[in-house]
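Chains as they are written, first to last, in numbering that gives the first Met the number 0: chain H, 0 to 460; chain Y, 0 to 102. C-beta: ideal position from N, C-alpha, C; glycine also. Since the structure is predicted, the reported quantities are computational estimates derived from the model, not experimental observations.
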Amino acid sequence: MADLSFVIEPVYIVTIFFFIVGLQRMSHPLTARSGIVWAGAAMLIATLVTFFTPNLTNIALIAIAIVIGGGFGYIAAKRVAMTNMPQMVAFYNGMGGGAAAGISAVVLLGPTTATTGSLAVVGGLIGAVSFSGSLIAFLKLQGWMLSRPVTFPGQQIVNMAVLILAIVSGVLVILQPSWMPLSVSMYLPLFFILALGFGLLMTLPIGGADMPVVISMFNAFTGLAVALDGFSFATPNYAMIIAGVIVGAAGSLLTLQMAKAMNRSLTNVFFGAFGATEEQKVQVSGSMKAIEADDVVVMLAYVDRVIIVPGYGMAVAQAQQKVKELTDLLESRGVQVKFAIHPVAGRMPGHMNVLLAEAGVAYEYLFDRDEVNPEFPSTDLVLVIGANDVVNPAAHRQGSPLFGMPILEVEQAKNVIVLKRGQGKGFAGIENDLFYRENTRMLYGDAQETVGKLVQALKKL
Amino acid sequence: MTDITAFWTAIYIAMLAAFTGYVVITRVPAILHTPLMSGSNFIHGIVLVGAMVALGLATTPTEQAIGFIAVVLGAANVTGGYIVTERILQMFDRSGKKPGKGT
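In structure tokens, the structure reads:
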């Protein structure tokens with residue numbers, strides 16, 4: 000093959016330019032969709048020109064690996080249900096982290112200098128942590144593993160010890176001293192096992208409700224690992240360095256913004272074991288009062304202002320289409336309908352917006368927490384559809400694990416109807432006293448079915 | 000990377016890149032957090048090119064095996080990250096004719 004390696008750097012420069020434009024476009028709602036196309040085109044050309052790398056061997060193996068990995072990624076991402084998207088982000092982020100760790104391993108197996116070796120070790124550590132951590136996050140969100148925090152006594156000491164041992168073995172990989180009892184070839188596997196173990200251990204105590212923040216952080220981790228690996232090659236790979244650092248910086252900022260939206264500090268997320276330190280059973284007075292769909296329809300027929308609070312339950316039941324129908328029906332009867340969207344409703348920020356947009360609910364109907372909270376006292380009826388923690392007044396009570404999280408103040412409305420599958424607790428695993436309030440009624444059942452019933456009955460009125 | 004000039008050049012580049020990442024993300028409406036996370040997840044799929052180089056320069060069977068796995072994982076990151084982001088963003092498109100709140 001003719002030597003075409005001179006095209007690599009210019010193409011990488013174009014790649015980076017496209018990546019930045021893509022990200023820029025993705026950060027505005029109107030241009031968001033074209034953003035990924037820019038980034039995708041960039042990735043394609045970058046991959047193609049990498050085949051021109053001088054002295055590249057194993058080309059057939061590379062092609063086979065791309066077909067296997069790419070095919071798997073494509074099919075899995077196409078098949079998965081929309082409600083499972085958050086964990087898919089975690090899953091593919093883990094793949095990236097694993098790839099970064101693999102690159103580090105290959106670099107460290109070859110000849111290194113003190114600089115490249117150190118960079119590869121740090122990149123490998125971060126990549127491996129991101130790999131195992133992301134996979135745990137994936138398993139928790141997918142429900143293949145208990146989503147509640149896993150804790151045991153002395154956990155933080157154990158975690159710290161594993162991290163320190165990982166770092167020590169990483170240092171030994173670089174120094175390769177002759178006085179160690181283990182043979183030199185043992186340090187590298189040991190280093191990666193410890194790094195993977197730390198990622199696993201640090202994610203176990205984190206509860207499902209905090210997962211979005213954690214996934215975002217691992218995303219930043221992978222970016223950083225990719226950048227460090229880019230540094231660690233004999234010829235630095237600037238495309239990896241720049242793209243990795245951009246993702247690292249953007250991801251870190253995004254993590255902080257998300258944590259802020261949930262009013263959780265990062266220390267809290269990682270060391271708080273959210274929900275595990277359950278307060279002693281607070282005496283909830285009163286009882287849950289059930290209501291039938293027909294009675295709700297009667298109420299809906301005579302109100303002026305309704306606010307709908309969607310949550311993860313709506314996503315699970317795929318009820319957004321029915322909710323849209325209900326909205327249209329109510330509007331045609333002259334009822335003012337608004338949607339109150341909590342920043343962390345669902346499993347990720349924007350989860351509800353995405354689902355409602357899919358069903359055709361226009362942006363003008365969606366209000367965020369701070370906009371809509373003053374309106375609850377003058378609202379006749381609030382329909383809580385599969386939301387729980389984000390409307391839990393326990394957030395006002397000192398000592399509650401939810402304490403301090405800004406919530407939607409639905410309990411101030413005249414009537415609250417909660418659509419719920421059963422009597423279980425929310426994702427955070429905390430009793431919700433809203434359900435016991437005097438002005439709250441529970442409408443049990445699958446959200447899609449229940450809202451469907453409401454629509455049918457309302458049509459007959 | 001071997002010589003010291005290249006090292007410092009790379010540090011300068013990294014600093015500017017960090018700033019770029021920071022600027023691009025500031026003041027993003029909360030509804031775009033998920034697509035943006037997914038989008039940046041796709042962008043670090045550039046790890047694929049590194050994995051390709053690693054496998055391409057691998058000589059021993061161990062290196063080849065690890066490099067092969069790295070390319071598989073990197074490629075999955077790329078295609079999966081792209082499709083997931085595209086599917087998430089698709090949902091914004093249908094009501095995209097109406098300007099969003101908080102933009």
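Measuring CB to CB, does residue i end up less than 8 angstroms from residue j?
i	j	result
Y:G55	H:N57	yes
H:V380	H:V305	First, the amino acid is wrong: residue 380 of chain H is Leu here, not Val. A contact, by the Cβ cut-off of 8 angstroms.
Y:V48	H:Y91	no
H:V334	H:L457	no
H:L22	Y:I42	yes
H:V322	H:I384	yes
H:V268	H:A258	yes
H:G310	H:N372	no
H:D228	H:I102	yes
H:F191	H:A289	no
H:I35	H:V13	no
H:V221	H:G68	First, the amino acid is wrong: residue 221 of chain H is Thr here, not Val. It is not a contact, given that the beta carbons lie outside the stated cut-off.
H:P211	H:M347	yes
Y:A75	H:F71	yes
Check the Cβ-Cβ distances between residue i and every residue of chain H, and say whether any is below 8 angstroms.
i	result
Y:P60	no
Y:I82	yes
Quick one: grab the DSSP three-state call for residue i.
i	result
Y:P60	helix
Y:F18	helix
H:I290	coil
Y:Y11	helix
H:K413	coil
Y:G95	With a pLDDT of 42 at Y:G95, under the threshold of 50, the modelled position of that residue is not reliable, and the figure given next carries that caveat. Coil at Y:G95, not helix or strand.
H:V308	strand
H:F273	Caution applies to H:F273, whose pLDDT of 49 falls short of 50 and renders its modelled position unreliable; the value that the coordinates give is listed next. Here H:F273 sits in coil by DSSP.
H:Y11	helix
H:R147	coil
H:F317	A small fix is needed here, since residue 317 of chain H is Gln in this sequence, not Phe. DSSP places H:Q317 in coil when its eight states are reduced to three.
H:L328	helix
H:F18	helix
H:V450	helix
H:L407	coil
H:M347	coil
H:V336	strand
H:M261	coil
H:L442	strand
H:L457	helix
Y:T102	Interpretation of Y:T102 is limited by its pLDDT of 31, a score under 50 that renders its predicted location unreliable; no figure is taken from the coordinates.
H:L29	coil
Of all Cβ atoms in chain Y, is any one closer than 8 angstroms to the Cβ of residue i?
i	result
H:K321	no
H:L22	yes
H:P235	yes
H:A516	Given a span of 0 to 460 for chain H in the structure shown, any question on residue 516 of chain H remains unanswerable.
H:N92	yes
H:L60	yes
H:Y73	yes
H:E277	Caution is warranted here: a pLDDT of 46 is assigned to H:E277, below 50, making its placement in the model unreliable, and the coordinate value is therefore given only provisionally. Chain Y, which has no Cβ nearer than 8 angstroms to the Cβ of H:E277, makes this no.
H:D228	yes
H:I406	no
H:S168	no
H:I67	yes
H:M216	no
H:G153	no
Which residues, in order along the segment 1–19 of chain Y, keep a beta-carbon less than 7 angstroms from a beta-carbon of chain H?
Those would be T1, A5, F6, A9, I12, A13, A16, A17, T19, in chain order.
Could you give the uninterrupted runs of the alpha helix (DSSP H) lying entirely in the segment 184–242 of chain H, keeping only those of 4 residues or more?
Segments of the alpha helix (DSSP H) lying fully in the segment 184–242 of chain H: 210–231.
Can you pull out the residues from the segment 238–267 of chain H whose beta carbon lies closer than 8 angstroms to at least one beta carbon of chain Y?
If the cut-off is 8 angstroms between Cβ atoms, the segment 238–267 of chain H has A238, M239, I240, I241, A242, G243, V244, I245, V246, G247, A248, A249, G250, L252, L253, Q256, M257, A260 near chain Y.
Please give me, in chain order, every unbroken run of the alpha helix (DSSP H) with length at least 4 that falls completely inside the segment 353–383 of chain H.
368–371
At a CB distance below 9 angstroms, what residues from the segment 105–129 of chain H approach chain Y? Give them in sequence order.
V105, V106, L108, G109, T112, T114, T115, L118, G126
Which runs of the alpha helix (DSSP H) spanning at least 4 residues fall entirely within the segment 45–82 of chain H, listed in chain order?
58–78
Compile a chain-ordered list of the residues in the segment 419–451 of chain H whose CB is closer than 8 angstroms to at least one CB of chain Y.
Against chain Y - using a Cβ distance shorter than 8 angstroms - the segment 419–451 of chain H contributes no residues.
Length at least 4, wholly inside the segment 27–55 of chain Y: the alpha helix (DSSP H) runs in chain order
32–42, 46–55
Can you pull out the residues from the segment 349–369 of chain H whose beta carbon lies closer than 8 angstroms to at least one beta carbon of chain Y?
Per Cβ criterion, the list reads G349, H350, N352, V353, L354, A356, E357, G359, V360, A361, Y362, E363, L365, F366, D367.
Positions along the segment 4–18 of chain H whose CB lies within less than 7 angstroms of some CB in chain Y
F18
Members of the segment 32–49 of chain H near chain Y, C-beta cut-off 7 angstroms
R32, G34, I35, A38, G39, M42, A45, T46, T49
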